[in-house]
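Residue numbers (our numbering), protein chains in the order written: chain A, 1 to 143; chain B, 1001 to 1210.
Where is the CB? At the ideal position from N, CA and C, for every residue including glycine.
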């Protein structure tokens, strides 16, 4: 089971869906959610500055309404500005190849496509998590 | 993993038995109950209850989410249709404006054509009057000259000719009165053509001017 997960998504309803799915599938023990990329960046900066424990995995939405930058930029900042070592990827309803390439370049390790049937994808991701944590698995899209 | 003391365990079990209240959420996943069968049973029941509740909530949340998505789709569709309607309305307004402009231009052109026609008619009338006046003047002066010459001959010869004399005086009188009558007629025609003759002052029985 993943110890701690951070979810950055502007949709509050999806926070509930994600939380319940994670709990039912025994994916994560603790989940923290943010509605904007700016809030998430601040939180991550604070963690780095205070040398606190980083979340094990970060799920970021592609287009986060109400943020000054998008999910790919947040991934880039977390990876290249605030220090890497976190399993990070996109969770979005989009399946755009160009965006996926951009996300990969920014340091995303996975791309999960949001839909009504998110549980099988999250279950598959749970199996792959150790590979992402060890940096042995390549970028993967969960369709 | 956390360990639950005997006292807390008893309280939890009593609360579950009496009021059907159980611990919920991820705390159940971090309680160490490996050596306690009662606590294992409690956690099993609590997790079962928690999972059932979460499943129900997940189902409802997903339904609400999909309804929200549908509503958003409808909203964007509505906005699209509204924009199309607005564009069509703008186009119709522009067309109406253009039609009005064309109508105004056509009316102006019609007015200009009527004015040109009126001017042409007046010019023709003036030319006709000019010709009449010229011919009349030639006739008047011709008759006047001939009778005067004839009268002068009779005077110089010293021949008394009553016919020529009376003819000259009659002719002169007639010419004088007729010339005034001609001038009067010309003036009348001019006056009539300048006031009553213009198309603006003419009363038309047809339905072309309301």
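Looking only at its own chain, which residues have a Cβ that is under 6 Å from the Cβ of residue i, when we skip the five neighbours before and after it?
| i | result |
| --- | --- |
| residue 1009/B | 1039 |
| residue 4/A | 30, 55, 56 |
| residue 1161/B | 1154 |
| residue 72/A | 102, 103, 106 |
| residue 1103/B | none |
| residue 33/A | 7, 15 |
| residue 1201/B | Legend: pLDDT at residue 1201/B = 46, less than 50; position of this residue unreliable, value from coordinates given subsequently. Taken in chain order, the list of residues that qualify is empty. |
| residue 143/A | 113 |
| residue 1159/B | none |
| residue 1036/B | none |
Report all residues from its chain with a CB closer than 7 Å to the CB of residue i; omit the five preceding and five following residues, and keep chain order.
| i | result |
| --- | --- |
| residue 38/A | 67, 68 |
| residue 41/A | 74, 77 |
| residue 132/A | 87, 109, 110 |
| residue 1013/B | 1038, 1042 |
| residue 1020/B | none |
| residue 1207/B | Its pLDDT being 45, under 50, residue 1207/B is placed unreliably in this model, and the coordinates cannot settle the point. |
| residue 1210/B | Only weak support exists for where residue 1210/B lies, its pLDDT of 41 falling under 50; the value from the coordinates is given anyway. No residues qualify anywhere along the chain. |
| residue 44/A | 78, 82 |
| residue 125/A | 110, 112, 142 |
Return the Cβ separation of residue i and residue j in integer angstroms, given the expectation that the two are a contact with Cβ distance under 8 Å.
| i | j | result |
| --- | --- | --- |
| residue 94/A | residue 122/A | Rounded, the Cβ-Cβ distance is 18 Å, inconsistent with contact. |
| residue 1136/B | residue 1182/B | 5 Å |
| residue 1171/B | residue 1143/B | 6 Å |
| residue 1151/B | residue 1164/B | 6 Å |
| residue 20/A | residue 1058/B | 4 Å |
| residue 76/A | residue 107/A | 6 Å |
| residue 1032/B | residue 1002/B | 6 Å |
| residue 1028/B | residue 1050/B | 7 Å |
| residue 2/A | residue 129/A | 6 Å |
| residue 64/A | residue 9/A | 7 Å |
| residue 7/A | residue 119/A | Contact doesn't hold; Cβ gap of about 15 Å is too wide. |
| residue 91/A | residue 114/A | 6 Å |
| residue 1062/B | residue 116/A | 6 Å |
| residue 1140/B | residue 1169/B | That pair is no contact at about 16 Å. |
| residue 1189/B | residue 1146/B | In fact, because the Cβ distance is near 29 Å, the residues do not count as touching under 8 Å. |
| residue 13/A | residue 1068/B | 7 Å |
| residue 1065/B | residue 60/A | So it is not a contact: roughly 19 Å between Cβ atoms. |
Which two residues bound the contiguous alpha helix (DSSP H) that contains residue i?
| i | result |
| --- | --- |
| residue 1061/B | 1037 to 1157 |
| residue 101/A | 97 to 106 |
| residue 27/A | Note, residue 27/A: premise wrong, no alpha helix (DSSP H); not H, not E. |
| residue 72/A | 71 to 80 |
CB-CB under 8 Å to residue i, same chain, minus the five flanking residues each way: which ones, in chain order?
| i | result |
| --- | --- |
| residue 22/A | 5, 28, 31, 122 |
| residue 85/A | 54 |
| residue 1053/B | 1024 |
| residue 1046/B | 1016, 1022, 1023, 1024, 1028 |
| residue 1133/B | 1182, 1186 |
| residue 1184/B | none |
| residue 46/A | 52 |
Between which two residues does the beta strand (DSSP E) carrying residue i extend?
| i | result |
| --- | --- |
| residue 1033/B | Segment: none, residue 1033/B is in no beta strand (DSSP E) and carries neither H nor E. |
| residue 59/A | 57 to 60 |
| residue 54/A | Neither: residue 54/A is in no beta strand (DSSP E) and is coded neither H nor E. |
| residue 1023/B | Element bounds for residue 1023/B: n/a, residue is neither H nor E. |
| residue 3/A | 2 to 8 |
| residue 140/A | 140 to 142 |
| residue 131/A | No beta strand (DSSP E) holds residue 131/A; the alpha helix (DSSP H) holding it covers 119 to 133. |
| residue 87/A | 87 to 92 |
| residue 64/A | Note, residue 64/A: premise wrong, no beta strand (DSSP E); not H, not E. |
| residue 113/A | 110 to 113 |
Worksheet item: Looking at chain A, which residues of the stretch 1057 to 1072 of chain B have a Cβ within less than 8 Å of any of its Cβ atoms?
Response: Cβ contacts with chain A: 1057, 1058, 1061, 1062, 1064, 1065, 1066, 1068.
Item to complete: May I ask you to list, following chain order, the residues of the stretch 7 to 21 of chain A that have a beta carbon less than 9 Å from some beta carbon of chain B?
Response: 11, 13, 14, 16, 17, 19, 20, 21
Practice prompt. Pull out every residue of the stretch 1023 to 1056 of chain B whose Cβ sits closer than 8 Å to any Cβ of chain A, in chain order.
Written response: 1025, 1026, 1029, 1030, 1050, 1051, 1054, 1055
Worksheet item: Listed in chain order, which residues of the stretch 102 to 118 of chain A have Cβ atoms closer than 8 Å to some Cβ of chain B?
Response: Hits within the stretch, in order: 116.
Discussion item. Quick check on the DSSP output: what are the complete beta strand (DSSP E) runs of length 3 or more inside the stretch 1155 to 1193 of chain B, in order along the chain?
Written reply: none
Worksheet item: Relative to chain B, which residues along the stretch 65 to 99 of chain A have a C-beta separation below 8 Å, given in chain order?
Response: none
Worksheet item: For the stretch 26 to 58 of chain A, which residues have a CB atom closer than 9 Å to at least one CB atom of chain B, in sequence order?
Response: 26, 28, 29, 30, 31
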